[in-house]
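A.B. asks:
Protein chains: 2
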Amino acid sequence: MSARRVTLLDVARQAGVSVTTASRVVNDGPHVRADVRERVRAAVAELGYRPNPVARSLRRGRDATIGVVVDSLADIFFATIADTVERLAVPRGLAVTIGSSGRDPVREQGLVELFLQRQVAGLILVPVSDSPGYLPLLGRGTPAVFVDRPVDGAFDAVIGDDRGGARRGTRHLLSHGHRRIAFLGDSTLIHTTRARLDGYREALAGDGVPVADDLVVTGCPQPPEAAAAVDRLLAAEAPPTAIFSSNMRCTVGAVSALHSRSRTEVAVVGFGDFPLADVLDPAVTVLDQDPAGVATHAAQRLFDLLDGASAEDPATSVVPVHLVPRGSGELPCAPS
Amino acid sequence: MSARRVTLLDVARQAGVSVTTASRVVNDGPHVRADVRERVRAAVAELGYRPNPVARSLRRGRDATIGVVVDSLADIFFATIADTVERLAVPRGLAVTIGSSGRDPVREQGLVELFLQRQVAGLILVPVSDSPGYLPLLGRGTPAVFVDRPVDGAFDAVIGDDRGGARRGTRHLLSHGHRRIAFLGDSTLIHTTRARLDGYREALAGDGVPVADDLVVTGCPQPPEAAAAVDRLLAAEAPPTAIFSSNMRCTVGAVSALHSRSRTEVAVVGFGDFPLADVLDPAVTVLDQDPAGVATHAAQRLFDLLDGASAEDPATSVVPVHLVPRGSGELPCAPS
DNA sequence: CTGAAAGCGCTTACAG
DNA sequence: CTGAAAGCGCTTACAG
Chain A
596 MSARRVTLLD VARQAGVSVT TASRVVNDGP HVRADVRERV RAAVAELGYR
646 PNPVARSLRR GRDATIGVVV DSLADIFFAT IADTVERLAV PRGLAVTIGS
696 SGRDPVREQG LVELFLQRQV AGLILVPVSD SPGYLPLLGR GTPAVFVDRP
746 VDGAFDAVIG DDRGGARRGT RHLLSHGHRR IAFLGDSTLI HTTRARLDGY
796 REALAGDGVP VADDLVVTGC PQPPEAAAAV DRLLAAEAPP TAIFSSNMRC
846 TVGAVSALHS RSRTEVAVVG FGDFPLADVL DPAVTVLDQD PAGVATHAAQ
896 RLFDLLDGAS AEDPATSVVP VHLVPRGSGE LPCAPS
Chain B
596 MSARRVTLLD VARQAGVSVT TASRVVNDGP HVRADVRERV RAAVAELGYR
646 PNPVARSLRR GRDATIGVVV DSLADIFFAT IADTVERLAV PRGLAVTIGS
696 SGRDPVREQG LVELFLQRQV AGLILVPVSD SPGYLPLLGR GTPAVFVDRP
746 VDGAFDAVIG DDRGGARRGT RHLLSHGHRR IAFLGDSTLI HTTRARLDGY
796 REALAGDGVP VADDLVVTGC PQPPEAAAAV DRLLAAEAPP TAIFSSNMRC
846 TVGAVSALHS RSRTEVAVVG FGDFPLADVL DPAVTVLDQD PAGVATHAAQ
896 RLFDLLDGAS AEDPATSVVP VHLVPRGSGE LPCAPS
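Residue numbers (this note's numbering), protein chains in the order written: chain A, 596 to 931; chain B, 596 to 931.
1) Which first and last residues belong to the alpha helix (DSSP H) in which Ser851/B is found?
2) DSSP state of Leu733/B, grouped into three classes?
3) Determine, for His854/A, whether the minimum Cβ-Cβ distance to residues of chain B falls below 8 Å.
4) Excluding the 5 residues preceding and the 5 following Leu683/A in the sequence, name in chain order all residues of the same chain whose CB lies nearer than 6 Å to its CB.
5) Using Cβ-Cβ distances below 9 Å, what residues of the stretch 693-706 of chain A are close to chain B?
6) When you compare the stretch 663-678 of chain B with the stretch 724-732 of chain B, are there three or more beta-carbon pairs, one atom per stretch, that lie closer than 8 Å?
7) CA-CA distance, Thr932/A and Asp756/A?
8) Consider the Cβ of Val721/B: report whether some Cβ of chain A lies at a distance smaller than 8 Å.
9) Going by DSSP, what residues sit across from Ser667/A in a beta bridge?
10) Any idea what DSSP makes of His771/B, helix, strand or coil?
11) Report the partner residues of Asp885/B according to the DSSP bridge assignment.
12) Which complete beta strand (DSSP E) runs does the stretch 785-826 of chain A hold, if anything under 3 residues is left out?
13) Considering only the beta carbon of each residue, do His917/A and Leu882/A sit closer than 8 Å?
14) Across which residues does DSSP place Thr692/B in a beta bridge pair?
15) Can you tell me which of the three DSSP states Val680/A falls into?
16) Less than 8 Å between CB atoms is the rule here; does Arg713/A satisfy it with respect to chain B?
17) Applying the criterion that 16 or more other CB atoms from any shown protein chain within 10 Å of the CB defines a buried residue, is Val806/B buried or exposed?
18) Report the partner residues of Gly865/B according to the DSSP bridge assignment.
19) Just the C-alpha distance for Ser597/B and Pro745/B, rounded to the nearest angstrom, thanks.
20) On a CA-only basis, which of Asp902/B, Ala890/B, Ile776/B is nearest Ser841/B? Give me that one, please.
21) Please check if any C-beta of chain B sits within less than 8 Å of the C-beta of Ser923/A.
22) Taking all protein chains shown into account, do 16 or more other C-beta atoms lie within 10 angstroms of the C-beta of Pro731/B, making it buried, or fewer, making it exposed?
23) Let me check understanding here. Comparing Cα to Cα, which of Ser923/A, Ser851/A, Pro738/A, Asp743/A lies closest to Glu907/A?
24) Evaluate contact between the stretch 815-825 of chain B and the stretch 765-785 of chain B, counting only Cβ atoms and requiring at least three cross-stretch pairs below 8 Å.
25) Below 8 Å between beta carbons: does that hold for Ala837/A and Val861/A?
26) Which residues bound the alpha helix (DSSP H) around Asp902/A?
27) For Leu633/B, go through chain A and note every residue whose CB falls closer than 7 Å to its CB, in chain order.
28) What are the boundary residues of the alpha helix (DSSP H) that Thr615/B is part of?
29) Could you list which residues in chain A have their beta carbon closer than 7 Å to that of Asp678/B, in chain order?
30) What residues from the stretch 869-889 of chain B come within 7 Å of chain A, judged by C-beta to C-beta, listed N to C?
31) Whose C-beta lies closer than 6 Å to the C-beta of Ala790/B among residues of the same chain, with five residues either side of it excluded?
32) Do you know offhand how far Val721/B's Cα is from Asp743/B's?
33) When the distance is taken between beta carbons, is Gly662/B closer than 8 Å to Phe710/B?
34) Taking Val707/B as part of the alpha helix (DSSP H), name the residues at either end of that continuous run.
35) Could you tell me whether the stretch 645-658 of chain B touches the stretch 710-719 of chain A, using the rule of 3 or more Cβ pairs below 8 Å?
36) Out of Gly848/A, Leu769/A, Val879/A, Val804/A, which has the shortest C-alpha to C-alpha gap to Pro927/A?
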C-alpha cells in the first residue's frame, strides 16, 4: 500500500523517453520536440510525479531553501520578519528554515554553519554582533542579506534609521519641555542600541542639554530588567520626567513599571511599535520601524541575488522610521 | 580560494581507510578497531569534515528536519509554538522548516506536500480544519503531531482544554452577576471556536441562563472584525454586560473597542494570554493556555516517535488551562 | 573488523 | 532533438 515514490525514471518509461529528456521537460529545458514534451507532461500528470528536492539539491549543490536566523521567534518584531520572509519565499518555490540565536553568538554561528552545510540558496540574518565569526564563510558563495543590524565589511543589509529615529524621538520629548530624559536600552554590543544612543545624544546636544550619565541605562535585554531599571530611575534623587526607550522590549517593561507605580505622567517615546500600544492609557508614542517593510526589502534583495543579480556592490539600505504620536510622548514636563 | 567542500572520501584517504569505514566512524557505528577509529577521528578534525546533510538525506530517504505549519508567525501565539519547537529541535540536530497557512486549507495542503516531498523526519501541524486533505498522506510514513486543534481520525495531538476552559471562564463571569454575556469568536470552521462555544453554552445552561443568539458572534478572524462586532453589540437594544472572548485576537479587538468607546466597565474574560494584558486598565482576565507548554508536549511526542516509539496508539493530550484573574473579569454586573 | 560496490533520484556535459 | 553515462556525497547490504 505504501505507494513507492514516483521517480523520474517512471515518468521516462511511461513516456517512452530517456530520463535525460524527461528531466529536460520537467525543468522546462530547451531542445525537446513539442510532441515529446507533451507525452512527458502527460506521464507526469498521470503518475502524479513530483521531483525529489533532496536529489535535486544534491546534484545541483544548492537547496531551494532559504535560511533565516533571528534573535527569537517569540519576539513579535522578529516573528514579523520571519513571517514576511516566509510568505514571500514560499510562492517562489523556496522553503524557509529558521533558527533563533537567543542573542547568543555561539548559537548564531552554529545555525549559520548548519544552514551552509545544508547548502541553502540564501540567508536572511539578524546578526548579534557587528562581526560574526561566520562572515568569512559567506564570501563568494551563499548570498546573504542582513536585517535590522549591519555587519562590518561589504555585505548587503537592510536596517531602520536608528540614529535618525532616535534623534527624532528624543527631540519630540525635548519639544514638550523635557530636559531630564532617560535612555533605556539593551546591551551596547548590539548595533541598534549604540546607533539609537547616538541619536539620543545628538538630539540632547542639539538643544544644549547635557547628557546625564545616570539617566542612560543599557543592558536591559527583556521587559523585567527594563521595568526594574525604571523603578530605580524613578526612585533616584533627580528622576527623569521622560523616557526614551530604544526598543520594544524595554518599552513594554517601562510602561509596565510606570503603570504599576501609577507614574503614568512620565512621558514615554519608544523605538518600535507594538500591539496594544494604542490601547494603553496613555497610548504609547512610538517610532514605527515597519519590520514587515524592512523584511520585504531584504527578501527582495535576496531574491534578486538568487536570480543572478551582481553581488559586486553590496549596500546597506536604510528604511525610514516614523513617529507615531499617541499621547505618552506628548505629556508635558511635570512641574517639579 | 573557494575551498572545495571536504568529503568523506578525503577523510578516508587521509586516514588510510575506505569510505565505508570512515562512514562507520562518523556515524558512531560498531565494528571498528579502536586505533582505526582514532585515525579517522583525527582526519575528521584535521580536515574539518562535516557530513553533507543533503547526501545523507538522499541516501537515507529521510531528512533531519522537522516541518512546522502554523496559521501565521505574525501571531504571537503561533510564533511561540514555532519558537518552542525550534529551540527543542536544534539541539537534537534537527533543522526546522516552517510554513504559515494563513488559515487557508489550500496553502496548508501545499506546505505539507512540500515538506513530505522534502522527506522531513516529522511534522508539527496546526490544522485549519478537522479533516485536512493531506491526512491520507500521513498514514504509515512521516510521524506527525497536531497542535492546538485535533483532526478526525487516529492521530497524535496536543491541545488545550478548550471546552473546560471556556466553561470556567464563562462561569467566572456568571459568578460576578452577569447574565448577558456575549461570545466572541473566529470562524466556527475552526475546532477551538466550536469547542469553546460549547463550553460557553454549557456554563450558561448550568446556571439556567438561556443562550441569546444575538450575543453569540463568530467569524471574527482579526482584531478589527472583533472590535466592530463589539461596537455592534454595545449599540444593540439589549447589550451585553460582559464579553467572553474565545481567542486572543478577538480579545485584543474587544478591548480596543471598549477602550475607544470608554466602556471599560464591561467585563471581559479572554481565552489566551497576551503581552500587556496585565498593564491595561482594567487588566485583562484571561484563560492561559500555555502555548509553550503545549508545544513542548507536542515536540516531545514527536521526538519519541522519531526515536522509534510505537505510533500504534496515537492519542490526544489535553493540557489544562488556567484562569488568571486580573480585573476585567471581576467587574460586577453594572446596574442597568 | 574492513572494503568494494551499488544505489538514493536527479542533472548535465558529452556524443550523436 | 535525444540519450547513455557519469557523478553529487553519502550509507548499507554483502563478502571476506
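Every residue, glycine too, gets a C-beta built ideally from N, C-alpha and C.
C.D. replies: According to the data block:
1) Element bounds for Ser851/B: 843-855.
2) Leu733/B: helix per DSSP, three-state reduction.
3) Taking Cβ atoms only, chain B reaches closer than 8 Å to His854/A, which makes this a yes.
4) Cβ within range, chain order: Ala894.
5) Against chain B - using a Cβ distance shorter than 9 Å - the residues of the stretch 693-706 of chain A are Ile693, Gly694, Ser695, Gly697, Arg702, Gly705, Leu706.
6) Between the stretch 663-678 of chain B and the stretch 724-732 of chain B, the count of Cβ pairs shorter than 8 Å is below three; the stretches do not touch.
7) An answer regarding residue 932/A cannot be provided, because it is not within the stretch 596 to 931 covered by chain A.
8) By this cut-off, Val721/B is not an interface position.
9) In DSSP, Ser667/A forms no bridge with anything.
10) DSSP places His771/B in coil when its eight states are reduced to three.
11) Asp885/B is not bridged by DSSP to any residue.
12) The beta strand (DSSP E) runs of length 3 or more contained entirely in the stretch 785-826 of chain A do not exist; there are none.
13) Yes.
14) Thr692/B is bridged to Thr692/A, Gly662/B.
15) Here DSSP, grouped into helix, strand and coil, assigns Val680/A to helix.
16) Using beta-carbon distances, Arg713/A counts as an interface residue toward chain B, with a partner under 8 Å.
17) Val806/B should be labelled exposed.
18) Answer is Ser840/B, Val881/B, bridged to Gly865/B.
19) Since pLDDT at Ser597/B reaches only 45, below the 50 mark, its modelled position is unreliable, and no value is offered.
20) Comparing Cα positions, the closest option is Ile776/B.
21) Taking Cβ atoms only, chain B never reaches closer than 8 Å to Ser923/A, which makes this a no.
22) By the 10 Å Cβ count, Pro731/B comes out exposed.
23) Measuring from the Cα of Glu907/A, the nearest candidate turns out to be Pro738/A.
24) Judged by Cβ distances under 8 Å, the stretch 815-825 of chain B makes contact with the stretch 765-785 of chain B, as three or more pairs qualify.
25) Going by C-beta atoms, Ala837/A is nearer than 8 Å to Val861/A.
26) No alpha helix (DSSP H) holds Asp902/A; DSSP gives it neither H nor E.
27) Per the sequence presented here, residue 633/B reads as Glu, with Leu not at that position. One finds nothing in chain A with a Cβ atom closer than 7 Å to the Cβ of Glu633/B; even the nearest lies about 24 Å away.
28) 614-621 is the extent of the alpha helix (DSSP H) around Thr615/B.
29) Ser667, Leu668, Ala669, Ser695, listed in chain order.
30) Residues Pro870, Leu871, Val874, Leu875, Asp876.
31) So the list reads Asp757, Arg758, once near-sequence residues are dropped.
32) Answer to the nearest angstrom: the Cα atoms are 6 Å apart.
33) A contact, by the Cβ cut-off of 8 Å.
34) Looking at the DSSP string, the run of the alpha helix (DSSP H) that includes Val707/B is 700-712.
35) Here the stretch 645-658 of chain B makes contact with the stretch 710-719 of chain A; the two share three or more CB pairs at distances below 8 Å.
36) Residue Leu769/A is the option with its Cα nearest to Pro927/A.
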